[in-house]
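Colleague: According to this note's numbering, the sequence shown is numbered sequentially starting from 3. Every residue, glycine too, gets a C-beta built ideally from N, C-alpha and C.
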Amino acid sequence: MNRQSEMRVPHSEIVKVLLVEDNPGDARMIREMLAEVKHDGFSLEYAEQLSTGLERLAEGGIDMVFLDLSLPDSRGFDTFAETYARAPHVPIIVLAGLDDEEVAVRAVREGARDYLVKGHVDSNLLVRAMSYVVERKRAEKEKRGLQAQAYQA
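#1: Identify every residue that forms a DSSP beta bridge with TYR48.
#2: Within a Cβ cutoff of 8 Å, which residues of the same chain sit near PHE77, ignoring the five residues on either side of it in sequence?
#3: Identify the residues that DSSP records as bridge partners of PHE68: which are they?
#4: Do the CB positions of LEU1 and ARG33 come within less than 9 Å of each other?
#5: Taking PRO116 as part of the beta strand (DSSP E), name the residues at either end of that continuous run.
#6: With three or more beta-carbon pairs closer than 8 Å as the criterion, would you say the segment 104-117 touches the segment 53-61?
#7: So which of GLN149, GLY113 and SER125 has the shortest CA-CA distance to ALA89?
#8: Under 8 Å: does the beta carbon of GLU23 sit that close to some heavy atom of the ligand SAM?
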C-alpha cells in the first residue's frame, strides 16, 4: 500500500514556499516530493542564489523558506544569518548536506524552525516539517491576537 503524504492546510490558505537552492538535482527532488502531497495548498518559488532569494523575500508574501547553506554567493551559517536578519518573521527550514549538519543545528539554536539533511529526506518528513511550521505560525498568530484582546480589555 502506497501512502501519500497529506498537508493539512485550510483550502482558502495557500502556503507560499521559497526554495533557495543552487543544485538543480536537489531542487528537482524537493519539487517532486512536494508534488506527492495530496493537497494543493502551497505554491513553490525557486531562487538559485541567496541574493535572488533575499530580493524575493523583500517583496513580501512568502510564508516559509527552504534554505540551502551552500550557495554560490553565500556559505555556511552566514547564509542563514543573513536570511534571518532580513526576514525574521518568515520561518526558515535549513536544508543541510551531511557536512553542514553541525551548522544547521546552530541555525536552529539561532532561530531556524527546523533542518533537514539532504539525502535523508522523503516526502513524509518534508511535509511533516512544513506542517509543523504552518501550525506553529498559526498558533503564534492566534496567541498574539489573544494577547492584543487581553491588552485592550
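Modeller: To lay it out plainly:
#1: According to DSSP, TYR48 shares a beta bridge with LEU21.
#2: Reading off the sequence, residue 77 comes out as Arg, not Phe. Contacts found: LEU71.
#3: Partner residues in the beta bridge of PHE68, as assigned by DSSP, are LEU21 and ILE95.
#4: This structure does not reach residue 1, given that the chain is present from 3 up to 155, and the question cannot be answered.
#5: A small correction: the amino acid at residue 116 is Asp; Pro does not occupy that position in the sequence shown. Its beta strand (DSSP E) spans residues 116-119.
#6: No, because fewer than three Cβ pairs between the segment 104-117 and the segment 53-61 fall closer than 8 Å, the two stretches do not touch.
#7: Of the candidates GLN149, GLY113 and SER125, the residue whose Cα lies closest to the Cα of ALA89 is GLY113.
#8: The ligand SAM is not among the ligands present in this structure, which contains no ligands whatsoever.
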